[in-house]
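Here the structure comes first, spelled out in structure tokens, and everything after it is commentary.
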Ligand code: FES
């Protein structure tokens with residue numbers, strides 16, 4: 122992100138303390154993470170200590186310091202899903218997308234991560250892409266599910 126882009130975000134969101142989270146949200150939306158370099162520019166421009174920015178970035182679950190894909194694929198590894206084949210779904214996703222667990226595809230389209238029980242064990246095994254939940258998923262359905270997302 123350039124300094125000019127950051128200036129326009131700051132101009133839009135404001136410079137007071139409550140605006141800080143909004144500024145970080147906008148950076149996250151554009152960069153798919155909060156890059157250290159950009160946080161450094163925010164720190165300098167708003168005279169906010171890096172420790173405070175880091176605290177916010179690690180406190181809110183919606184922020185990440187590591188680049189993530191445009192779509193997050195959560196593979197439920199809760200007990201029921203695991204027993205019903207959750208690991209097989211994870212293996213298929215990682216194999217098809219050529220990434221390690223927790224990794225992001227090189228085109229930044231998908232990030233695949235294991236999660237705990239999603240609260241819908243009756244349709245195990247379950248995966249969630251962004252906010253869409255898919256139940257009774259089989260390995261062979263994985264390509265079709267991924268195709269839905271640009
Ligand atoms: S264990 Fe997967 S939804 Fe509960």
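Residue numbers (the working numbering): 122 to 271.
Using N, Cα and C, we set each Cβ at its ideal position, and we do this for glycine too.
None of the values given here were measured: they were computed from a predicted structure.
Minimum C-alpha distance to residue i - residue among the options
i	options	result
residue 249	243, 192, 206, 221	192
residue 195	127, 220, 252	252
residue 257	242, 269, 146	242
residue 185	153, 232, 216, 159	153
residue 206	147, 188, 232, 263	263
residue 167	178, 128, 155, 182	128
residue 211	155, 259, 239	259
residue 146	240, 182, 214	182
residue 270	230, 234, 239	230
residue 268	214, 124, 235, 197	214
residue 187	155, 131, 216	155
residue 239	228, 197, 209, 216	197
residue 143	170, 177, 124	177
Neighbourhood of residue i by C-beta, 6 angstroms cutoff - its chain only, sequence neighbours within 5 removed
i	result
residue 202	245, 246, 247
residue 232	189, 190, 193, 225
residue 237	199
Cβ neighbour criterion (16 or more within 10 Å) applied to residue i
i	result
residue 204	exposed
residue 157	exposed
residue 180	exposed
residue 138	exposed
residue 223	exposed
Cβ neighbours of residue i in the same chain (closer than 8 angstroms, five flanking residues each side left out)
i	result
residue 255	247, 248, 249, 262, 266
residue 136	167
residue 171	160, 161, 164
Close beta carbons around residue i, own chain, < 7 angstroms, minus the five adjacent residues each side
i	result
residue 226	190, 218, 220
residue 174	160, 163, 164
residue 122	148, 151, 152, 159
Point to revise | Every unbroken alpha helix (DSSP H) inside the segment 179-207 [4 residues or more] | key: Within the segment 179-207, the runs of alpha helix (DSSP H) that reach at least 4 residues and sit entirely inside it are, in chain order, 200-204.
Review point. Which runs of the alpha helix (DSSP H), 4 residues or longer, sit entirely within the segment 127-177?
Key: For secondary structure counted as the alpha helix (DSSP H) over 4 or more consecutive residues, the segment 127-177 holds these complete runs in sequence order: 140-152, 157-167.
Check your understanding: Considering only residues of the segment 216-262, which uninterrupted beta strand (DSSP E) runs meet the minimum length of 3 residues and lie entirely inside it, listed in chain order?
Key -> Restricted to the segment 216-262, the beta strand (DSSP E) segments that are unbroken, complete and at least 3 residues in length are 231-236, 248-250, 253-255, listed in chain order.
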